[in-house]
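When you line the sequence shown up against the UniProt record's numbering, it's residues 1 to 318, in that order. Just so you know, even glycine gets a beta-carbon here, dropped at the ideal spot from N, CA and C. Shown next, in C-alpha coordinates, is the structure this report addresses.
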Amino acid sequence: MSASRRRNHQIAVLVLEGAKPLDVGIPAQVFSHRPSMPYEVRVCGAAPGLVTGGDGLSYHVAQGLDALERADTVFVPGYRAPATTAPPGVVVDALRAAHARGARLAAISTGAFALAATGLLDGKRATTHWHYTAALRGQYPRVQVDGNVLFVDEGDVLTSAGAASGIDLCLHLVRRDHGVGLSNDVARRLVAAPYRSGGQAQYVPRSVPEPLGDLFAETREWALTHLAEPLTLDDLARNARVSARTFSRRFVADTGYTPMQWVLRARVDLARELLERTGLGVEQIAHKVGLGTAANLRLHFQRILGTSPTEYRHTFAP
(Lines of atoms letter the chains of each structure in order from A and count residues from 1; the text may use other names and numbers.)
(Lines give C-alpha, C1' and ligand atoms only; values in the text may rest on other atoms or scores of the structure.)
Protein backbone atom coordinates (compact mmCIF):
# COMPACT_ATOMS: atom_id res chain seq x y z
CA MET A 1 0.00 0.00 0.00
CA SER A 2 1.43 3.42 -1.00
CA ALA A 3 2.04 6.22 1.48
CA SER A 4 -0.66 8.39 -0.11
CA ARG A 5 -3.16 5.57 0.18
CA ARG A 6 -2.31 5.03 3.83
CA ARG A 7 -3.05 8.68 4.56
CA ASN A 8 -6.63 8.38 3.32
CA HIS A 9 -9.23 8.30 6.07
CA GLN A 10 -10.96 4.91 6.04
CA ILE A 11 -14.78 4.92 6.18
CA ALA A 12 -16.75 1.74 6.86
CA VAL A 13 -20.50 1.79 6.15
CA LEU A 14 -22.07 -1.03 8.18
CA VAL A 15 -25.22 -2.36 6.48
CA LEU A 16 -27.59 -4.11 8.89
CA GLU A 17 -30.74 -6.08 8.08
CA GLY A 18 -33.48 -3.72 6.91
CA ALA A 19 -31.00 -0.94 6.06
CA LYS A 20 -32.59 2.08 4.38
CA PRO A 21 -31.13 2.65 0.92
CA LEU A 22 -30.75 6.42 1.15
CA ASP A 23 -29.02 6.15 4.53
CA VAL A 24 -26.54 3.65 3.06
CA GLY A 25 -25.88 5.78 0.00
CA ILE A 26 -25.27 9.10 1.74
CA PRO A 27 -21.87 8.39 3.37
CA ALA A 28 -20.82 6.25 0.40
CA GLN A 29 -21.50 9.21 -1.91
CA VAL A 30 -20.25 12.05 0.31
CA PHE A 31 -16.92 10.38 1.11
CA SER A 32 -16.47 8.85 -2.35
CA HIS A 33 -12.76 8.80 -3.12
CA ARG A 34 -11.45 11.26 -5.70
CA PRO A 35 -8.32 13.44 -5.94
CA SER A 36 -9.85 16.16 -3.76
CA MET A 37 -11.26 13.74 -1.16
CA PRO A 38 -8.77 12.03 1.20
CA TYR A 39 -11.23 9.29 2.14
CA GLU A 40 -11.89 5.70 1.11
CA VAL A 41 -15.21 3.96 1.64
CA ARG A 42 -15.92 0.29 2.27
CA VAL A 43 -19.46 -1.05 2.56
CA CYS A 44 -19.69 -4.07 4.84
CA GLY A 45 -22.16 -6.20 6.78
CA ALA A 46 -22.24 -8.57 9.72
CA ALA A 47 -20.87 -11.09 7.22
CA PRO A 48 -19.98 -10.97 3.50
CA GLY A 49 -22.83 -11.72 1.13
CA LEU A 50 -26.45 -10.69 0.70
CA VAL A 51 -28.09 -8.37 3.23
CA THR A 52 -31.84 -7.82 3.03
CA GLY A 53 -32.53 -4.10 3.09
CA GLY A 54 -35.60 -1.97 3.51
CA ASP A 55 -37.91 -0.72 0.75
CA GLY A 56 -37.57 -3.89 -1.32
CA LEU A 57 -33.83 -3.59 -1.87
CA SER A 58 -30.99 -5.90 -0.92
CA TYR A 59 -27.26 -5.31 -0.74
CA HIS A 60 -24.39 -7.56 -1.70
CA VAL A 61 -21.48 -6.65 0.57
CA ALA A 62 -18.00 -7.95 -0.12
CA GLN A 63 -16.73 -7.58 3.45
CA GLY A 64 -17.81 -8.53 6.93
CA LEU A 65 -17.03 -7.02 10.32
CA ASP A 66 -13.29 -7.24 9.70
CA ALA A 67 -13.70 -3.97 7.76
CA LEU A 68 -14.33 -2.23 11.09
CA GLU A 69 -10.87 -3.24 12.28
CA ARG A 70 -9.27 -0.90 9.72
CA ALA A 71 -11.82 1.91 9.82
CA ASP A 72 -11.19 5.41 11.14
CA THR A 73 -14.93 6.17 11.03
CA VAL A 74 -17.80 3.67 11.10
CA PHE A 75 -21.22 4.73 9.81
CA VAL A 76 -24.34 2.83 10.85
CA PRO A 77 -27.19 3.68 8.44
CA GLY A 78 -30.77 3.59 9.64
CA TYR A 79 -32.74 0.35 9.45
CA ARG A 80 -36.35 -0.74 9.67
CA ALA A 81 -38.12 -1.67 12.94
CA PRO A 82 -35.27 -0.53 15.23
CA ALA A 83 -37.37 -0.73 18.39
CA THR A 84 -38.04 -4.44 17.86
CA THR A 85 -34.92 -5.53 15.97
CA ALA A 86 -31.80 -5.58 18.11
CA PRO A 87 -28.45 -5.65 16.30
CA PRO A 88 -26.65 -9.02 16.54
CA GLY A 89 -24.27 -9.43 19.43
CA VAL A 90 -21.30 -9.77 17.09
CA VAL A 91 -22.15 -6.38 15.59
CA VAL A 92 -22.41 -4.75 19.02
CA ASP A 93 -19.04 -6.27 20.02
CA ALA A 94 -17.41 -5.13 16.77
CA LEU A 95 -18.66 -1.57 17.23
CA ARG A 96 -17.34 -1.49 20.79
CA ALA A 97 -13.99 -2.86 19.66
CA ALA A 98 -13.72 -0.29 16.86
CA HIS A 99 -14.47 2.51 19.30
CA ALA A 100 -11.96 1.20 21.84
CA ARG A 101 -9.35 1.13 19.08
CA GLY A 102 -9.97 4.83 18.40
CA ALA A 103 -12.50 4.83 15.55
CA ARG A 104 -15.33 7.33 15.70
CA LEU A 105 -18.85 5.98 15.28
CA ALA A 106 -21.62 7.83 13.44
CA ALA A 107 -25.26 6.88 13.02
CA ILE A 108 -27.79 8.08 10.49
CA SER A 109 -31.44 8.06 11.58
CA THR A 110 -32.36 4.82 13.37
CA GLY A 111 -28.76 3.63 13.26
CA ALA A 112 -28.66 5.39 16.64
CA PHE A 113 -30.39 2.32 18.13
CA ALA A 114 -27.39 0.17 17.20
CA LEU A 115 -24.99 2.65 18.80
CA ALA A 116 -27.20 2.84 21.89
CA ALA A 117 -27.06 -0.96 22.17
CA THR A 118 -23.28 -0.72 22.64
CA GLY A 119 -23.69 1.45 25.74
CA LEU A 120 -21.44 4.09 24.18
CA LEU A 121 -24.27 6.64 24.19
CA ASP A 122 -25.01 6.24 27.90
CA GLY A 123 -24.92 9.63 29.59
CA LYS A 124 -24.48 11.40 26.25
CA ARG A 125 -26.74 13.44 24.01
CA ALA A 126 -28.02 11.72 20.90
CA THR A 127 -30.75 12.07 18.32
CA THR A 128 -32.60 9.98 15.75
CA HIS A 129 -35.49 10.49 13.36
CA TRP A 130 -38.23 12.41 15.23
CA HIS A 131 -40.67 9.52 14.70
CA TYR A 132 -38.44 7.23 16.81
CA THR A 133 -37.19 9.53 19.58
CA ALA A 134 -39.74 8.28 22.12
CA ALA A 135 -38.84 4.67 21.35
CA LEU A 136 -35.10 5.38 21.68
CA ARG A 137 -35.68 7.20 24.96
CA GLY A 138 -37.83 4.39 26.31
CA GLN A 139 -35.53 1.58 25.25
CA TYR A 140 -32.30 3.29 26.34
CA PRO A 141 -33.19 5.60 29.25
CA ARG A 142 -29.55 6.42 29.99
CA VAL A 143 -29.21 8.15 26.62
CA GLN A 144 -30.04 11.87 26.63
CA VAL A 145 -32.28 11.87 23.56
CA ASP A 146 -32.80 15.24 21.86
CA GLY A 147 -35.50 14.98 19.23
CA ASN A 148 -35.31 18.57 18.06
CA VAL A 149 -31.89 18.73 16.38
CA LEU A 150 -30.42 17.59 13.06
CA PHE A 151 -27.35 15.91 14.52
CA VAL A 152 -25.35 15.62 17.72
CA ASP A 153 -21.55 15.56 17.85
CA GLU A 154 -20.22 13.96 21.04
CA GLY A 155 -16.68 13.82 19.70
CA ASP A 156 -16.14 10.14 18.98
CA VAL A 157 -19.82 9.18 18.79
CA LEU A 158 -22.21 11.09 16.52
CA THR A 159 -25.88 10.66 15.69
CA SER A 160 -28.21 12.31 13.18
CA ALA A 161 -31.92 12.53 12.46
CA GLY A 162 -33.68 11.56 9.23
CA ALA A 163 -31.93 10.79 5.96
CA ALA A 164 -31.30 14.36 4.76
CA SER A 165 -29.66 15.24 8.07
CA GLY A 166 -27.18 12.44 7.33
CA ILE A 167 -25.82 14.74 4.62
CA ASP A 168 -25.47 17.51 7.21
CA LEU A 169 -23.62 15.13 9.53
CA CYS A 170 -21.25 14.00 6.76
CA LEU A 171 -20.51 17.59 5.74
CA HIS A 172 -19.92 18.41 9.40
CA LEU A 173 -17.30 15.65 9.59
CA VAL A 174 -15.60 16.84 6.40
CA ARG A 175 -15.57 20.34 7.89
CA ARG A 176 -14.16 18.98 11.15
CA ASP A 177 -11.48 16.95 9.38
CA HIS A 178 -10.41 19.28 6.58
CA GLY A 179 -12.04 22.67 7.00
CA VAL A 180 -14.96 24.58 5.58
CA GLY A 181 -13.43 24.96 2.09
CA LEU A 182 -13.51 21.25 1.28
CA SER A 183 -16.90 20.90 2.96
CA ASN A 184 -18.32 23.64 0.74
CA ASP A 185 -16.83 21.93 -2.33
CA VAL A 186 -18.56 18.68 -1.38
CA ALA A 187 -21.85 20.50 -0.74
CA ARG A 188 -21.66 22.06 -4.22
CA ARG A 189 -21.00 18.65 -5.73
CA LEU A 190 -24.05 17.24 -3.93
CA VAL A 191 -26.16 20.34 -4.64
CA ALA A 192 -26.77 20.47 -0.88
CA ALA A 193 -26.95 23.26 1.66
CA PRO A 194 -23.34 24.02 2.63
CA TYR A 195 -24.12 24.47 6.30
CA ARG A 196 -27.03 23.54 8.49
CA SER A 197 -26.16 23.61 12.15
CA GLY A 198 -26.74 20.48 14.17
CA GLY A 199 -28.88 22.61 16.46
CA GLN A 200 -31.38 23.34 13.70
CA ALA A 201 -34.82 21.90 14.37
CA GLN A 202 -35.54 18.69 12.43
CA TYR A 203 -39.27 18.99 12.82
CA VAL A 204 -41.32 22.07 13.75
CA PRO A 205 -44.63 20.92 15.24
CA ARG A 206 -46.59 24.10 14.48
CA SER A 207 -47.73 24.99 10.98
CA VAL A 208 -45.56 27.54 9.20
CA PRO A 209 -47.09 28.88 5.95
CA GLU A 210 -45.04 27.75 2.97
CA PRO A 211 -44.61 31.22 1.42
CA LEU A 212 -43.13 32.46 4.70
CA GLY A 213 -40.61 29.62 4.69
CA ASP A 214 -39.66 30.57 1.13
CA LEU A 215 -39.20 34.19 2.14
CA PHE A 216 -36.95 33.24 5.02
CA ALA A 217 -34.82 31.06 2.77
CA GLU A 218 -34.46 33.97 0.38
CA THR A 219 -33.57 36.28 3.26
CA ARG A 220 -30.84 33.92 4.45
CA GLU A 221 -29.44 33.82 0.90
CA TRP A 222 -29.62 37.62 0.74
CA ALA A 223 -27.84 37.94 4.07
CA LEU A 224 -25.01 35.67 2.89
CA THR A 225 -24.29 38.11 0.05
CA HIS A 226 -24.33 41.14 2.39
CA LEU A 227 -22.24 39.89 5.30
CA ALA A 228 -19.66 42.68 4.83
CA GLU A 229 -22.37 45.27 5.51
CA PRO A 230 -23.96 46.15 8.85
CA LEU A 231 -26.92 43.80 9.27
CA THR A 232 -29.58 44.29 11.91
CA LEU A 233 -32.68 42.36 12.88
CA ASP A 234 -34.75 45.13 11.26
CA ASP A 235 -32.79 44.76 8.01
CA LEU A 236 -33.48 41.03 7.89
CA ALA A 237 -37.15 41.41 8.82
CA ARG A 238 -37.57 44.15 6.20
CA ASN A 239 -36.12 41.85 3.53
CA ALA A 240 -38.51 39.08 4.63
CA ARG A 241 -41.45 41.54 4.65
CA VAL A 242 -42.55 40.69 8.19
CA SER A 243 -42.24 42.41 11.53
CA ALA A 244 -38.98 42.05 13.45
CA ARG A 245 -40.79 40.22 16.25
CA THR A 246 -42.41 37.71 13.88
CA PHE A 247 -39.18 37.21 11.95
CA SER A 248 -37.15 36.59 15.11
CA ARG A 249 -39.64 34.14 16.61
CA ARG A 250 -40.07 32.05 13.47
CA PHE A 251 -36.38 32.21 12.54
CA VAL A 252 -35.49 30.60 15.88
CA ALA A 253 -38.09 27.88 15.31
CA ASP A 254 -36.71 27.18 11.84
CA THR A 255 -32.96 27.27 12.49
CA GLY A 256 -32.36 26.87 16.23
CA TYR A 257 -30.57 30.25 16.33
CA THR A 258 -31.65 33.84 16.76
CA PRO A 259 -31.21 35.83 13.54
CA MET A 260 -28.11 37.64 14.80
CA GLN A 261 -26.55 34.42 16.13
CA TRP A 262 -27.02 32.93 12.66
CA VAL A 263 -25.46 36.00 11.00
CA LEU A 264 -22.47 35.81 13.36
CA ARG A 265 -21.88 32.14 12.57
CA ALA A 266 -22.25 32.82 8.85
CA ARG A 267 -19.58 35.51 9.17
CA VAL A 268 -17.24 33.19 11.04
CA ASP A 269 -17.85 30.49 8.42
CA LEU A 270 -16.96 32.91 5.61
CA ALA A 271 -13.85 33.94 7.55
CA ARG A 272 -12.85 30.29 7.79
CA GLU A 273 -13.02 29.90 4.03
CA LEU A 274 -11.03 33.08 3.44
CA LEU A 275 -8.38 31.91 5.91
CA GLU A 276 -8.12 28.60 4.05
CA ARG A 277 -8.20 29.88 0.50
CA THR A 278 -6.64 33.36 0.45
CA GLY A 279 -3.56 35.11 1.75
CA LEU A 280 -5.57 37.99 3.20
CA GLY A 281 -4.56 39.21 6.64
CA VAL A 282 -6.82 38.74 9.65
CA GLU A 283 -7.69 42.45 9.70
CA GLN A 284 -8.70 42.37 6.01
CA ILE A 285 -10.79 39.24 6.53
CA ALA A 286 -12.52 40.75 9.55
CA HIS A 287 -13.54 43.71 7.39
CA LYS A 288 -14.71 41.53 4.47
CA VAL A 289 -16.98 39.38 6.67
CA GLY A 290 -18.49 42.28 8.59
CA LEU A 291 -16.76 41.75 11.93
CA GLY A 292 -14.89 45.02 11.74
CA THR A 293 -11.59 44.38 13.48
CA ALA A 294 -9.10 41.57 13.89
CA ALA A 295 -9.72 41.64 17.65
CA ASN A 296 -13.44 41.09 17.09
CA LEU A 297 -12.77 38.24 14.67
CA ARG A 298 -10.38 36.59 17.14
CA LEU A 299 -12.94 36.93 19.93
CA HIS A 300 -15.73 35.22 18.00
CA PHE A 301 -13.40 32.60 16.54
CA GLN A 302 -12.36 31.60 20.04
CA ARG A 303 -15.93 31.54 21.34
CA ILE A 304 -17.38 29.53 18.45
CA LEU A 305 -14.46 27.35 17.31
CA GLY A 306 -12.20 27.27 20.36
CA THR A 307 -9.16 28.38 18.36
CA SER A 308 -7.60 31.51 16.85
CA PRO A 309 -7.72 32.56 13.17
CA THR A 310 -3.95 32.08 12.92
CA GLU A 311 -4.07 28.54 14.34
CA TYR A 312 -7.03 27.72 12.09
CA ARG A 313 -5.12 28.89 9.01
CA HIS A 314 -2.08 26.92 10.11
CA THR A 315 -4.22 23.78 10.40
CA PHE A 316 -6.37 24.02 7.28
CA ALA A 317 -4.68 26.24 4.69
CA PRO A 318 -2.80 24.37 1.94
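- The beta carbons of G49 and V61 sit about 7 Å from each other, so the pair counts as a contact at 8 Å.
- Our two residues, I304 and S32, have alpha carbons roughly 29 Å apart in a direct line.
- In the three-state DSSP reduction, T232 falls in the coil class, being neither helix nor strand.
- DSSP places R42 inside the beta strand (DSSP E), whose first and last residues are Y39 to G45.
- Here Q63 is not near R96, since their CB atoms are 8 Å or more apart.
- If you check the CB distance, A12 and A71 come in under 8 Å.
- Residue pairing of Q144 in beta bridges, as defined by DSSP: R125.
- In its chain, beyond the 5 residues on either side, I167, C170, L171, V174, V186 and L190 have a beta carbon closer than 8 Å to the beta carbon of V30.
- Assignment of beta strand (DSSP E) within the region 14-94, counting only whole runs of 3 or more residues, yields 39-45, 49-52, 58-61 and 73-76 in chain order.
- Around the Cβ of A100, a 10 Å sphere holds fewer than 16 other Cβ atoms; the residue is exposed.
- By the criterion of at least three beta-carbon pairs nearer than 8 Å, the region 121-131 is in contact with the region 146-153.
- Membership of D269 in any beta strand (DSSP E) is not indicated; the residue belongs instead to the alpha helix (DSSP H) covering P259 to R277.
- A direct Cα-Cα distance of roughly 21 Å separates R7 from A106.
- Going by beta carbons, K20 and A164 fall outside the 8 Å limit.
- In this structure, Q139 keeps its C-beta atom at 8 Å or more from the C-beta atom of A103.
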